[in-house]
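Peer 1: Residues in the sequence shown are numbered consecutively from 242, following this note's numbering. C-beta atoms are modelled at their ideal positions from N, C-alpha and C, and glycine is treated no differently. What you are looking at is a predicted structure, and each value in this text was computed from that prediction instead of being measured.
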Amino acid sequence: MTKINKGLLPIVLAALAIFALSIVYRAIFLGDLCGTVCYEIEAAKRMLQGQIPFRDFYFDLPLTLVYLRMPTVWLAQVIAGSAPLNGVLPFTAIAIASFFEVSLLAVLSFALCFYVVVISNLDDERQKQLWFALLGFALANFAMGYSYGSAQHIFCLFLSPYFFLRLTAWLQPANNVNLKTSTGLFRFFCGLLAGFGASLDPLFIIVPLAIEAAEFLGRRLAGKANSFADEFFWLLISFLLSWSYLLQLDQAALKELVDWIIPLKYTSYYLDQIAYFGLGATPDRRDVIYFCTAAAIVGFGIVNRMALLRPIIALMMAGFVLYQMGMSGLSTDILLVIWATCMSFAVEVCYLLDSSFFTNISRRYPKLSYRRLPKVQLTVVVALCSISVVVLAALEIMQRRENVTALTGPQAIDPTYLELADAFPKYCQPGDSIMILNGRLLPGFPLYSLTEKPIAGYFISTEAFSSLANIEAHNLADHMVGKPFGWIAATKKKMFDRVRSDIEKNRPGVIVVEGGQTFDGLEKSSIIARILADYTCQGEARYHSRCVGAKEFADWNYRYNVYERHSKTKN
């Protein structure tokens, strides 16, 4: 293991300090658990209770996410100190457990990247670039905001050790292109970790493939040698093996998954692009686009002098493609872009420090001796790091203020509107289950977790109803979605029959139904009439006034109809 150059020690300390600050700062807001994390934790809890995914409850994401959240559920049970009442864990326990698990993964990832840089066996100039890239890692972890712990954040953490290994290989001099600075076991572990991270979403595999392809072509056109990477091979093997859980599913679960869950999830990518709905439909994340564009423009200008930027910008562009494919508009889908942008800016600062502006500073300012140049550079690094942290914190504070939307909340529209989060404690009795029908994952989660009430029935997320409604709205025939004649009608009947059965079997204390597309579909299927037979409509409520927990909401600010069960007795 090589020693750290004393001249690079301030950069190393800056990276360590910012990374530690990112963990401490996030601990202050550990209650900001985003909806997708709550959704995955609910699925993990159900699987640990013995339920079979797809057959016993709806889930439209890879089960690797569920396995990832199982330690969170175990830790939350320990923190709660007793068996969960009605299978429901306290939200505080979930938030603490999730923060602990994600932070532990972040520390592991940062430590592995740190180790890769230390053993890189590069000259001081190239190793300095890697240290600045690690500084960008620390800033990126700080910039995760209230998407901390979401799938893209975890993927960034799992991919980073592999990415730093590849950066080290690409920075090697031409005569050392086949030099391996780490053991085969270490490369195997990093590849395994990156492959598992890519399996958290089938689209994530695009990222390492894009990076490898871009660097392969870049080196080939520049006349540089390419070498096969063991870690890339293990990444692909790990990614493929991560889907082996499909072989363990029983026939009923596999049939549900293949027959309608996957087709409806697939159609949502090109029919349900929420960010196109209009201003205010999604959070405003143009700040990320501006910053990544600026980083890319600067990077394109100096990439010939600093080749490290090429794979980083490839990572940025691959992340942007994933963001465009979903077009949900949520911060959880743009984290790869944020991650790469922070790394890119950090490496560009490294180039700035070695540019003629600083090397000729003694000539421009005769009173400033060349011996003081390192101090000037250190001052610039400290100033830029401080400014970056302040800007990131300020942007998050501004987002929080925007997402509260006091001017468009229920009190501003109509004082009689109830906040949706308050409807459940107002109309529920102890032990009651609840049901949220809205065609979206949000705000069903994190509201289900925040209310600490059991979910009534199969659908822990109702996004499939939105996909089905969009198929009908676009007048798509069965063959257009790759299914035989009658599939759309049969799937619609199956889904609505299941909702009807859940209401009759579980008798939730409160049902809330989103207005618009969801309400119209339920009304046409006679489910609203079925609800009114046993429930009283207590008026309307709105969600997007306080945004407790998720802090972000995608889709229009529809009203929710609140239904309370007749048979309950009030104290």
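Please say whether valine 590 and leucine 633 have beta carbons closer to each other than 9 Å?
Peer 2: The answer is no: Cβ separation not under 9 Å.
Peer 1: Is it the case that the Cβ atoms of threonine 277 and threonine 573 are separated by a distance below 9 Å?
Peer 2: yes
Peer 1: For the putative contact between tyrosine 564 and glutamate 472, defined by C-beta atoms under 8 Å, what is the C-beta separation to the nearest angstrom?
Peer 2: That belief does not hold up - the Cβ atoms of tyrosine 564 and glutamate 472 are roughly 26 Å apart, past 8 Å.
Peer 1: Taking Cβ positions, are leucine 433 and serine 479 nearer each other than 9 Å?
Peer 2: yes
Peer 1: Would leucine 661 and proline 684 qualify as a contact pair, given that the criterion is a beta-carbon distance under 9 Å?
Peer 2: Contact flag set, yes.
Peer 1: Could you tell me how far apart the beta carbons of threonine 483 and serine 440 are, in whole angstroms, since I believe they sit closer than 8 Å?
Peer 2: The sequence given here has serine at residue 483, not threonine. Their Cβ separation, rounded to whole angstroms, is 3 Å, which keeps serine 483 and serine 440 in contact under 8 Å.
Peer 1: By alpha-carbon positions, which one of Leu400, Ile245, Ile701 and Val803 ends up nearest to serine 350?
Peer 2: Leu400
Peer 1: When DSSP labels each residue in this structure, what does glycine 567 get in the three-state scheme?
Peer 2: helix
Peer 1: To the nearest angstrom, report how far apart aspartate 673 and phenylalanine 665 are at their CA atoms.
Peer 2: 10 Å
Peer 1: Terminal residues of the continuous alpha helix (DSSP H) containing glutamine 670?
Peer 2: Annotation: glutamine 670 is outside any alpha helix (DSSP H) and is labelled neither H nor E by DSSP.
Peer 1: Would you mind giving the Cβ-Cβ distance between arginine 546 and alanine 455, rounded to the nearest angstrom? I have them listed as a contact below 8 Å.
Peer 2: About 18 Å separates the two Cβ atoms, so there is no contact after all.
Peer 1: In chain order, what residues of the same chain have a beta carbon less than 7 Å from the beta carbon of alanine 258, not counting five sequence neighbours either side?
Peer 2: none
Peer 1: The alpha helix (DSSP H) that contains alanine 268, what's its start and end?
Peer 2: 250-269
Peer 1: Is the CB-CB distance between isoleucine 554 and valine 544 below 9 Å?
Peer 2: The answer is yes: Cβ separation under 9 Å.
Peer 1: For leucine 678, list the residues DSSP reports as bridge partners.
Peer 2: Val754
Peer 1: Hey, quick one: how far does the alpha helix (DSSP H) through valine 278 stretch, first residue to last?
Peer 2: 276-289
Peer 1: Can you find the residues in the same chain that come closer than 7 Å, C-beta to C-beta, to lysine 667, ignoring five residues on each side of it along the sequence?
Peer 2: So the list is empty, once near-sequence residues are dropped.
Peer 1: For a minimum of 4 consecutive residues, which ranges assigned as the alpha helix (DSSP H) are wholly contained in the stretch 479-514?
Peer 2: 492-497 and 503-512
Peer 1: Assign arginine 783 to one of three DSSP states: helix, strand, or coil.
Peer 2: strand
Peer 1: Going by DSSP in three states, valine 631 sits in which element: helix, strand or coil?
Peer 2: helix
Peer 1: Which residues does DSSP pair with phenylalanine 298 in a beta bridge?
Peer 2: Pro294
Peer 1: Just to check my reading of the structure: serine 702 and tyrosine 280 have Cβ atoms closer than 8 Å, yes? What is that Cβ distance to the nearest angstrom?
Peer 2: 6 Å
Peer 1: Where do the ends of the alpha helix (DSSP H) carrying asparagine 802 lie?
Peer 2: Careful: asparagine 802 lies outside any alpha helix (DSSP H), inside the beta strand (DSSP E) at 801-806.
Peer 1: I'd like to confirm the pairing. Which residues does DSSP put opposite isoleucine 882 in its beta bridges?
Peer 2: In the structure as shown, the chain starts at 242 and stops at 812, and residue 882 therefore has no counterpart that could be examined.
Peer 1: Would you tell me roughly how many angstroms separate the C-alpha atoms of leucine 505 and alanine 705, rounded to the nearest one?
Peer 2: 6 Å
Peer 1: Within 8 Å, do at least three Cβ pairs link the stretch 764-775 to the stretch 719-728?
Peer 2: By the Cβ test, the stretch 719-728 is not in contact with the stretch 764-775, since fewer than three Cβ pairs between them sit closer than 8 Å.
Peer 1: Residues in the same chain with beta-carbon distance under 8 Å from aspartate 528, minus the five sequence neighbours each way, listed in chain order, please.
Peer 2: Leu636
Peer 1: Using only CA atoms, which one of Ala782, Leu375, Tyr299 and Thr777 lies nearest to leucine 495?
Peer 2: Tyr299
Peer 1: Given that a residue counts as buried once 16 or more other Cβ atoms are within 10 Å of its Cβ, and exposed if not, what is alanine 653?
Peer 2: Confidence at alanine 653 is low in this model, with a pLDDT of 44, below 50, so its placement is unreliable and no value can be given for it.
Peer 1: Alpha carbons only, please: which of Leu346, Gly386 and Arg367 is nearest the one belonging to phenylalanine 396?
Peer 2: Leu346
Peer 1: Count the C-beta pairs between the stretch 574-583 and the stretch 371-390 that are closer than 8 Å, then say yes if the count reaches three, no if not.
Peer 2: Cβ pair count under 8 Å is three or more, so yes.
Peer 1: Do aspartate 761 and the ligand FMN come close, with the Cβ less than 8 Å from some heavy atom?
Peer 2: The ligand FMN is not part of this structure, which contains no ligands at all.
Peer 1: For threonine 534, which of helix, strand or coil comes out of DSSP?
Peer 2: helix
Peer 1: For asparagine 679, is the classification buried or exposed, using 16 other Cβ atoms within 10 angstroms of its Cβ as the cut-off for buried?
Peer 2: buried
Peer 1: Which partner residues does leucine 659 have in the DSSP bridge list?
Peer 2: When DSSP reads this structure, leucine 659 sits in a beta bridge with Ala782.
Peer 1: For chain E, is any of its Cβ atoms less than 9 Å away from the one on alanine 662?
Peer 2: The structure shown contains no chain E, having only a single protein chain.
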